[in-house]
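Just so you know, our numbering puts the end of the sequence shown at 771, numbered straight through with nothing missing. Here's the structure we're looking at; comments come further down.
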Amino acid sequence: MKRITIILFVVLAVCAVAMGQYQTPPTPGSVTQTYTYTPKTAYTYKGGPDILGAHNAYGRGCVACHAPHSGAFGNGVTPADPQNGMYALWGEDLSPLFGASFNFSGDGAARYPVTLPTGGTITSAHDANTIILFCLSCHDGVVTKVGMMQGQTVETLPIVGGTAPTLLGLAAPSGGTPYQNDHPVGAKANVGCGGGYNWDCPASQGGNTTVPITTFGPNMTNYLKNYPASFWNSGGNPLASFGTTTVNAVTCTTCHDQHSMTAFVAGNGTTYTTMFFIKGYYNPAANGNSVAQFCRNCHGGESNEMHGLEAVPTV
C-alpha cells in the first residue's frame, strides 16, 4: 500500500511540474514588441532588430502583406478582387481602391493626380501605379482594412520625440483620402532636367525624363559627390515604370525599401544606417546632414554643390 501511495505521489508531482511548464497562449493582438533605434554612423549591418522592422507586423512577418496560398483569402478576407493574390502573392484586399483617384501635394489641387488600376487590369507587381495600390491597401486606413497596424511608427522620431502617422488616409486634410499633404508620387512627379533648379543634365537629354539622369552637366559635375549612399548609384535610375513607359518619376518604393527598416545597402556595397524604411543613408541625429542629402537626391536645385559648396560632409 505504501509503495502504491509513493508511486501515485510521484505521478502527481510529475503532472504538476508538466502543468506548471505549460503556458496558455496569449490572446491574439495582446503581445506587443518594442523596437529601439540607436543612431549610428555608417556601419556594416551585423544584427540588431529584424530588418523587416515594423513590417514584421508584431510577429506576423511576411504574410502580413503576402499570402503564400490564396492571396487575400489566405489572410482571412473575402475580396471582390478578380486578381486576388496573382501578383506578389498580395494578401491584402485591393478591392476598395480599384480605380480610385487621388491628388497629391502640389501647387493646385490636381498638379499630381494618380489613378490606381481597376480590377482585372494589373499586369505587373512592379508597375509604379500598382506599387502605390499595394502600399495604400495597408496604409490608407480609411477605405482599406487596418489589420495589425497601430497607425503610428514603431520608431520614435529622433530629436523631437513622439511618432509619425502611418495611416495616410486618416491623416489627410479632410480626414479621408485627398493625400494633398503627402509627397507627390505618380507619373507626373517627375525628377526632370532643368539647369540651376533641378538636375543639370547633358543638353542632349533636355527635358526627356525617360532617359537616365546623369551628373555630367556643366554646373554639376560634382553633384552629390559627398553622398555615396545616393540611390541613383544603387540601380534606381530611371526610377519607375508606369505602364509601358520607364521614367524618372517617383513612386512609393523610390524613397522606401519596405523590406528593410534599419539598414540600407548602397551601390558600392557599403551598408548605412537608416530608419522609417528610407532607401538611403538616413540618420537624423543632431547636427547631422544625411537627411538633407537624401532629399537632395532628387531636389538638385537645393544641393550643396549647386550653391558652390563642394566639400560638405553628409554625416
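Every residue gets a Cβ at the ideal spot worked out from N, C-alpha and C, and that includes glycine. The model shown is predicted, which means the values in this text are computed figures rather than measured ones.
Beta-carbon proximity check, A628 vs P634, cutoff 8 Å: With respect to P634, A628 sits close: the two C-beta atoms are nearer than 8 Å.
Residues bridged to T418 (per DSSP): In the structure displayed, the chain extends from 457 to 771; residue 418 sits before or after that span and is not available.
For V570, the first and last residue of its enclosing alpha helix (DSSP H): Boundaries for V570: no alpha helix (DSSP H) harbours it, while the beta strand (DSSP E) harbouring it runs 568-571, taken from the DSSP string.
Cβ-Cβ distance between Q608 and I578 below 8 Å: The answer is no: Cβ separation not under 8 Å.
Straight-line gap, G527 to A581 (C-alpha atoms, nearest Å): Distance from the CA of G527 to the CA of A581, rounded to the nearest whole angstrom, comes to 14 Å.
C-beta contact flag for I587 and L572 at 8 Å: Cβ atoms of I587 and L572: not closer than 8 Å.
Limits of the unbroken beta strand (DSSP E) element including S716: According to the DSSP assignment, S716 belongs to no beta strand (DSSP E), since it is labelled neither H nor E.
Close Cβ partners of S557 (< 6 Å) along its chain, the five nearest in sequence each way excluded: Counting only Cβ-Cβ distances below 6 Å, and skipping sequence neighbours, we find T571.
Contact the stretch 540-554 vs the stretch 751-764: 3+ CB pairs below 8 Å: No, they do not touch.
Inter-stretch contact (C-beta, 8 Å, three-pair minimum) for the stretch 600-607 and the stretch 707-722: Between the stretch 600-607 and the stretch 707-722, the count of C-beta pairs closer than 8 Å stays below three; the two stretches do not touch.
Rounded C-alpha distance that separates S561 from Q636: S561 and Q636 have their C-alpha atoms roughly 4 Å apart.
Given V519 as reference, the closest of G575, H595, Y568, M604 once Cα atoms are compared: Considering only alpha carbons, the answer is M604.
Presumed contact (8 Å Cβ cut-off) between A645 and Y568, rounded CB distance: Indeed, because the Cβ distance is near 5 Å, the residues count as touching under 8 Å.
Cβ separation of G632 and G642, assumed to be a contact under 8 Å, to the nearest whole Å: Going by Cβ atoms, the distance from G632 to G642 rounds to 19 Å, so no, they are not a contact pair.
Where H522 falls: helix, strand or coil (DSSP): Reduced to three states, the DSSP call for H522 is strand.
CB-CB length for P535 against P740, believed under 8 Å: The beta-carbon distance between P535 and P740, rounded to whole angstroms, is 38 Å. This is too long to meet the 8 Å contact definition.
Residue-chain proximity (N646, chain C), Cβ-Cβ < 8 Å: This model lacks chain C altogether, as it is built from one protein chain only.
Cut-off 6 Å between Cβ atoms - residues of its own chain near Y728, not counting five sequence neighbours on either side: The beta carbon of Y728 lies closer than 6 Å to those of A498, A685, F720, Y737 in the same chain, with the five residues before and after it left out.
Buried or exposed by the 16-neighbour rule on C-beta atoms within 10 Å, applied to D583: Flag for D583 reads buried.
For Q714, the nearest candidate out of N704, A705, M731, V706 (CA to CA): Comparing Cα positions, the closest option is M731.
Helix, strand or coil at P634 according to DSSP, with G and I counted as helix: Per DSSP, reduced to three states, the secondary structure at P634 is coil, with no helix or strand assignment.
Buried versus exposed, by CB contacts within 10 Å (16 or more), T709: Buried is the call here.
CA-to-CA distance, F733 to A405, given in whole angstroms: The requested residue 405 is not part of the displayed model; the chain covers only 457 to 771.
Own chain, CB closer than 8 Å to N415, minus 5 neighbours either side, in chain order: The structure shown has nothing for residue 415, since the chain only spans 457 to 771.
G575 versus N743 - alpha carbon distance: If you take the alpha carbons of G575 and N743, they lie about 48 Å apart.
Rounded straight-line distance, which links the Cα of V533 to that of R516: Straight across, the Cα-Cα distance linking R516 with V533 is about 16 Å.
Among Y683, F687, G723, T666, nearest to G699 - alpha-carbon criterion: Residue T666 is the option with its Cα nearest to G699.
Distance between beta carbons of L550 and D401, contact taken as under 8 Å: Only positions 457 to 771 of the chain appear in this structure, which leaves residue 401 out of reach.
Exposure label - S593; buried when at least 16 CB within 10 Å: Burial state of S593 is buried, judged by a 10 Å Cβ sphere holding 16 or more other Cβ atoms.
Nearest neighbour of T707, chosen from N585, N693, Y683, V616 [CA to CA]: It is N585.
Alpha-carbon to alpha-carbon, I507 and G547: Each residue's CA atom was taken as its position, placing G547 and I507 some 21 Å apart.
CA-to-CA distance, E758 to Q749, given in whole angstroms: Computed Cα separation, rounded: 9 Å.
Identity of the residues DSSP links to N559 by a beta bridge: Answer is P569, bridged to N559.
Exposure label - S697; buried when at least 16 CB within 10 Å: Its Cβ being crowded by 16 or more others within 10 Å, S697 is buried.
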